[in-house]
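Novice: Here it is: the structure, laid out below.
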Amino acid sequence: MKYSNSFLRTTKETPKEAELISHQYLLRGGFIAPTAAGIYTLMPFGYRVADKITKIIEEELRAIGVEDIRIPVVQTARPWKESGRYYEDIDELWKIKNRSDEDFVLAMTGEEMVADAAKRVISSYKDLPKLVGQINLKVRDEARARGGLLRLREFMMQDAYSLTKDEAQLDEIYQKFIDAYKKIFERVGVQTVVIESDTGSMGGSGAHEFMMIAENGEDKIVSDGTRAVNAEKIGISKEDELDGAEAQTKVKESFGDAQVEFMRGIEVGNIFKLGTKYSKPQKLMYLDENNQQQPVIMGSYGIGVDRLIGSIVEASHDDKGMIWPKNVSPYLVHLIGIGDGMQSANGLYEQLKDSGVEVFYDDRDVSPGEKFADADLLGFPYRITVSPKTLAENSVEIKVRNADEMKLVSLDEIVETVKSWM
RNA sequence: CGGGGAGUAGCGCAGUUGGCUAGCGCACCGCGUUUGGGACGCGGGGGUCGCAGGUUCGAGUCCUGUCUCCCCGACCA
346 MKYSNSFLRT TKETPKEAEL ISHQYLLRGG FIAPTAAGIY TLMPFGYRVA
396 DKITKIIEEE LRAIGVEDIR IPVVQTARPW KESGRYYEDI DELWKIKNRS
446 DEDFVLAMTG EEMVADAAKR VISSYKDLPK LVGQINLKVR DEARARGGLL
496 RLREFMMQDA YSLTKDEAQL DEIYQKFIDA YKKIFERVGV QTVVIESDTG
546 SMGGSGAHEF MMIAENGEDK IVSDGTRAVN AEKIGISKED ELDGAEAQTK
596 VKESFGDAQV EFMRGIEVGN IFKLGTKYSK PQKLMYLDEN NQQQPVIMGS
646 YGIGVDRLIG SIVEASHDDK GMIWPKNVSP YLVHLIGIGD GMQSANGLYE
696 QLKDSGVEVF YDDRDVSPGE KFADADLLGF PYRITVSPKT LAENSVEIKV
746 RNADEMKLVS LDEIVETVKS WM
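For the first sequence, position 82 (counting from the first letter as 1) is numbered 427 according to my numbering, and the numbering increases by one without interruption.
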């Protein structure tokens with residue numbers, strides 16, 4: 346893509362609404378366009394990152410046997426009334442009506458819909474286990490959206506569901522998801538820890554969260570080095586309570602005399618052992634080996650895709666801009682032409698494109714400084730500069746975004762060199 | 001939902017005790033000069049000052065109401 350053709354405008358100044366560095370850079374780099382609190386239009390670069398994350402997630406989940414489905418974003422309230430959650434006064438649940446005054450809810454999660462659909466499929470223990478999932482919009486009427494992409498009212502989320510006959514089968518699948526999630530976060534370049542968490546309004550017998558440790562994360566984590574829990578789970582919620590006697594007692598109950606430390610984190614994934622919380626009231630049953638009706642045991646597994654984008658930037662940036670991990674960067678190469686180097690840059694752009702390289706080409710007639718500043722802000726892994734200076738050596742200059750050195754590579758070898766990065 | 005802050009051009013901001021044609025920087029358009037770290041000159045375009053009502057000869061400025069956005073907290077599948 347050429348800069349001059351792209352739906353892109355970067356800004357030098359930081360929009361005043363942005364406090365967090367990820368929010369600032371994503372706005373300045375034109376990755377997102379705000380529309381309302383917590384609701385953004387994903388611009389081309391933002392879309393490309395989301396797309397890459399999506400593909401990585403799909404690959405890893407298909408590898409453990411998850412089958413793709415699509416759950417409605419506009420959901421009839423009937424199953425929600427069956428499960429009881431419709432009446433539970435969940436503030437985040439966005440309730441709407443159609444023109445005939447019938448009740449619907451927007452997709453806060455998909456448990457009810459999956460349980461409902463599963464009734465068409467499951468009748469015997471021989472039908473279990475089953476794994477289904479999707480990557481689709483979620484809508485939650487959050488009391489307070491914040492931090493750019495870190496807490497949204499509408500967002501893309503991967504949510505998968507397991508249907509099993511008993512706890513043993515659930516445990517086995519639960520562990521598969523933990524392993525798959527670890528691979529996903531590793532591939533997108535985010536370091537996470539798995540912690541024990543509260544089940545919240547999801548209900549069920551257990552839950553874990555994947556936390557990216559970050560100073561400005563919303564969640565508080567208590568860890569003794571071998572085991573970590575969400576502070577919420579052991580009844581600690583306020584920051585200033587952490588050193589208090591009450592908090593110390595709660596820590597002791599959970600950790601004994603072990604030395605603990607407090608950390609903050611961003612929750613990028615969350616998994617639940619739902620048990621029969623949905624299957625019982627919604628009557629999702631199967632017939633066991635002894636011809637007895639049993640409720641299906643469910644689990645659910647989610648990753649916030651948009652939040653992950655924000656988290657990656659929080660974790661990977663410098664004072665000039667973002668630093669995208671190769672696997673999720675909008676483009677691999679940021680090509681810059683300077684002065685009389687433009688002609689050759691045009692040619693190189695076509696060559697790279699023809700070779701299947703994801704290359705973004707700054708073909709604008711603006712000063713070199715502006716192009717370099719944009720390249721730093723946008724943060725693609727490799728910058729290639731073609732200028733009279735490099736052409737005098739019959740070469741181009743390569744700079745890796747997260748390293749200081751630059752080096753010259755001859756024009757004859759540059760395409761092959763770039764291909765070796767793919 | 002409680003507390004705090006803010007709405008003036010796409011973005012960042014100024015606008016005195018109410019006063020004349022509402023300004024500045026960036027961005028944008030035209031011409032020219034520039035070309036390795038956000039260049040320069042000259043000339044331009046763009047505003048119902050969040051919205052509604054009120055006070056006044058006169059409101060961006062004062063009063064009332066209302067909407068929206070941001071930050072802290074509560075909450076958080």
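Ideal placement from N, C-alpha and C gives every residue a C-beta, glycine not left out.
Small disclaimer: the values here were computed from a predicted structure and weren't measured.
What separation, rounded to the nearest whole angstrom, lies between the Cα atoms of M556 and V533?
Specialist: Their Cα atoms are separated by approximately 14 Å.
Novice: Counting pairs of beta carbons, one from the region 473-485 and one from the region 503-517, are three or more of them closer than 8 Å?
Specialist: Taking 8 Å as the limit for Cβ pairs, the verdict is that the region 503-517 does touch the region 473-485.
Novice: Does DSSP classify T380 as helix, strand or coil?
Specialist: Strand at T380.
Novice: So what does Y631 bridge to, in DSSP terms?
Specialist: BP columns for Y631 point to Q639.
Novice: Please classify N747 as buried or exposed, where buried requires at least 16 neighbouring CB atoms within 10 angstroms.
Specialist: N747 comes out exposed.
Novice: State the DSSP-derived secondary structure class of D401, mapped to helix, strand or coil.
Specialist: Residue identity check: residue 401 is Ile in the sequence provided, not Asp. In the structure shown, I401 sits in a helix (DSSP, three-state: H, G or I).
Novice: According to DSSP, is F530 helix, strand or coil?
Specialist: F530 falls in the helix class under three-state DSSP.
Novice: Have a look at D782 and V539 and give me their C-alpha separation to the nearest angstrom.
Specialist: Because residue 782 is not part of the residues shown, which for the chain are 346 to 767, the question remains open.
Novice: On the DSSP bridge list, what partners appear for K752?
Specialist: Answer by DSSP bridge pairing, in chain order: I743.
Novice: DSSP has G610 in a bridge; who is on the other side?
Specialist: DSSP, once it has assigned bridges, lists I558, D564 as partnering G610.
Novice: Taking the beta carbon of V613 as the centre, do at least 16 other beta carbons fall within 10 Å, making it buried, or is it exposed?
Specialist: Classification of V613: buried, given that the 10 Å Cβ count is 16 or more.
Novice: Have a look at I366 and E738 and give me their C-alpha separation to the nearest angstrom.
Specialist: So the two alpha carbons sit approximately 39 Å from each other.
Novice: How far does the alpha helix (DSSP H) with Y694 in it reach, from first residue to last?
Specialist: Y694 -> alpha helix (DSSP H) spans 687-699.
Novice: Say whether the region 478-497 touches the region 446-458, bearing in mind that this needs 3 or more beta-carbon pairs closer than 8 Å, one atom from each stretch.
Specialist: With the cut-off at 8 Å, the region 478-497 and the region 446-458 touch.
Novice: Please state whether the Cβ-Cβ distance between I616 and I402 is less than 9 Å.
Specialist: No, the Cβ-Cβ distance between I616 and I402 is not below 9 Å.
Novice: Going by C-alpha to C-alpha distance, which of S568, R572, K595, A573 sits closest to I581?
Specialist: Taking only the C-alpha atoms, the option nearest I581 is K595.
Novice: Given a cut-off of 9 Å on the beta-carbon distance, is the pair E742 and V760 in contact?
Specialist: Not a contact, by the Cβ cut-off of 9 Å.
Novice: So L722 is in the alpha helix (DSSP H); what residue range does that whole segment cover?
Specialist: It spans 713-723 - the alpha helix (DSSP H) in which L722 sits, taken as one unbroken run.
Novice: Along the chain, where does the alpha helix (DSSP H) that runs through M501 open and close?
Specialist: Counting along the chain, M501 falls outside any alpha helix (DSSP H), though it belongs to the beta strand (DSSP E) covering 499-509.
Novice: Can you tell me whether A452 is helix, strand or coil according to DSSP?
Specialist: Three-state DSSP puts A452 in coil, outside helix and strand.
Novice: Just to confirm, are R609 and D564 a CB contact at a threshold of 9 Å?
Specialist: Result yes, Cβ atoms of R609 and D564 sit closer than 9 Å.
Novice: By Cβ distance below 8 Å, which residues in the same chain neighbour I398 in space, the five residues on each side in sequence not counted?
Specialist: Once the five neighbours on either side are set aside, the close Cβ partners of I398 are V533, V650, L653, I654, V673.
Novice: Roughly how far, in whole angstroms, is the beta-carbon of W425 from the beta-carbon of Y431, given that I think they are within contact range, below 8 Å?
Specialist: About 4 Å; that satisfies the 8 Å criterion.
Novice: If you measure between the beta carbons of V574 and A660, is that distance less than 9 Å?
Specialist: The answer is no: Cβ separation not under 9 Å.
Novice: Output needed for P389: all residues of its chain with C-beta closer than 6 Å, excluding positions within five of it in sequence on either side, in chain order.
Specialist: Result list for P389: F352, in chain order.
Novice: On a CA-only basis, which of A718, L697, Q639, M630 is nearest S765? Give me that one, please.
Specialist: If we check each option's Cα against that of S765, L697 comes out closest.
Novice: Can the beta-carbon of V702 be found closer than 9 Å to that of V745?
Specialist: Result no, Cβ atoms of V702 and V745 do not sit closer than 9 Å.
Novice: Where do the ends of the beta strand (DSSP E) carrying K475 lie?
Specialist: Element bounds for K475: 475-484.
Novice: Whole angstroms are fine: how far does the CA of F607 sit from the CA of T571?
Specialist: Near 13 Å, if we compare the C-alpha coordinates of F607 and T571.
Novice: Span of the alpha helix (DSSP H) holding D651?
Specialist: Start and end: 650-660.
Novice: Secondary structure at N672, three-state DSSP: helix, strand or coil?
Specialist: DSSP places N672 in helix when its eight states are reduced to three.
Novice: What are the start and end residues of the alpha helix (DSSP H) that includes E427?
Specialist: 423-428 is the extent of the alpha helix (DSSP H) around E427.
Novice: Could you check whether I657 and P670 sit closer than 9 Å to each other, using their CB atoms as the reference points?
Specialist: Taking 9 Å as the Cβ cut-off, P670 and I657 qualify as a contacting pair.
Novice: Give a yes or no on whether the C-beta atoms belonging to Q479 and D413 are separated by under 9 Å.
Specialist: Yes; because the gap between Cβ atoms is below 9 Å, this pair is in contact.
Novice: Assign K618 to one of two classes, buried (16 or more other C-beta atoms within 10 Å of its C-beta) or exposed (fewer than that).
Specialist: So K618 counts as buried.
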